[in-house]
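Visitor: Structure provided below as structure tokens; questions to follow.
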Amino acid sequence: MKPAEWAARHRSGPLDVVVTGLQSDAHTWNLIYIQLLLEDLGHKVVNLGSCVPEDEIVESCCKFQPDLLVVSSVNGHGFHDAQPLIGAIRSRWELTGLPAVIGGKLGVSGTGEEEADALMRAGFDAVFQDGVDIAAFESYVDSLPKEVER
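Letter by letter, the sequence shown follows residues 882 to 1031 in the working numbering.
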């Protein structure tokens, strides 16, 4: 399938979701948890795993054309790794409308509000701080249209 066909295809039913860790984060339990949660909600998940380089995440999103990208961080360096990632995602014409969220431990000090605001300005559609009730994430996922036209 050519990129123009990916961008024009219609989706209905469950969301196609790519779940990934960032290049400096070797934690996997969080990714498995998110995958199982999304699958329990009826969605289809491609889990890229931990320590994924930025270019691999971007290319995987181009390949799979998901309805949602979920980035998870546990090690506290999510803020630094995520900014260039979302810039690379938003620079690709075929991914400009892709809903992208990040959650977990995004920094090593402070409340994380400044980091969350900066990540939203950088291009993430939602930021879920460490310790936020999982219902907020579920509510966000449920708010996404089940039929997407890009």
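Here a beta-carbon is modelled for each residue, glycine too, at the ideal position from N, C-alpha and C.
(1) My guess is that D962 and L903 are in contact by the Cβ rule of under 8 Å, so how many angstroms apart are they, rounded?
(2) For L949 and C932, what's the separation of their Cα atoms in angstroms?
(3) Is it true that the CB of A981 sits closer than 9 Å to the CB of S959?
(4) Taking 8 Å as the threshold, find out whether the segment 962–981 comes into contact with the segment 935–942 through three or more Cβ pairs.
(5) Here's a check: name, in chain order, each residue in its chain whose Cβ is nearer than 6 Å to the Cβ of D1011, leaving out the five neighbours to either side.
(6) Return the CA-CA distance between G1016 and Q916, expressed in angstroms with no decimal places.
(7) By the three-class DSSP mapping on this structure, what secondary structure does F1009 have?
(8) Within 8 Å: the Cβ of Q916 and any heavy atom of the ligand FAD?
(9) Could you pull out every residue in the same chain whose Cβ sits closer than 6 Å to the Cβ of N928, ignoring the five residues on either side in sequence?
(10) By Cβ distance below 7 Å, which residues in the same chain neighbour D1023 in space, the five residues on each side in sequence not counted?
(11) For S954 and Q946, what's the separation of their Cα atoms in angstroms?
(12) Given a threshold of 16 other Cβ atoms within 10 Å of its Cβ, counted over all protein chains shown, does D906 qualify as buried or as exposed?
(13) Nearest-angstrom Cα distance between V898 and D1014?
(14) Ordered along the chain, which non-local residues of its own chain (more than five positions away) have a Cβ less than 7 Å from that of Y1021?
(15) Return yes when the Cβ of L918 is within less than 9 Å of the Cβ of C942, no when it is not.
Guide: In brief:
(1) 4 Å
(2) 19 Å
(3) For the sequence presented, residue 959 should be read as Gly rather than Ser. No. Outside cutoff.
(4) yes
(5) Residues of the same chain with a CB within less than 6 Å of the CB of D1011, apart from the 5 flanking positions on each side, are G985, K986 in chain order.
(6) Reading off the sequence shown, one finds Ala at residue 1016, where the question assumed Gly. So the alpha carbons of these two residues sit roughly 15 Å apart.
(7) The DSSP-derived three-state label of F1009 is strand.
(8) Among the ligands in the structure shown, none appear at all, so the ligand FAD cannot be discussed.
(9) V900, L912, Q916
(10) none
(11) 22 Å
(12) buried
(13) 20 Å
(14) V982, A1007
(15) no
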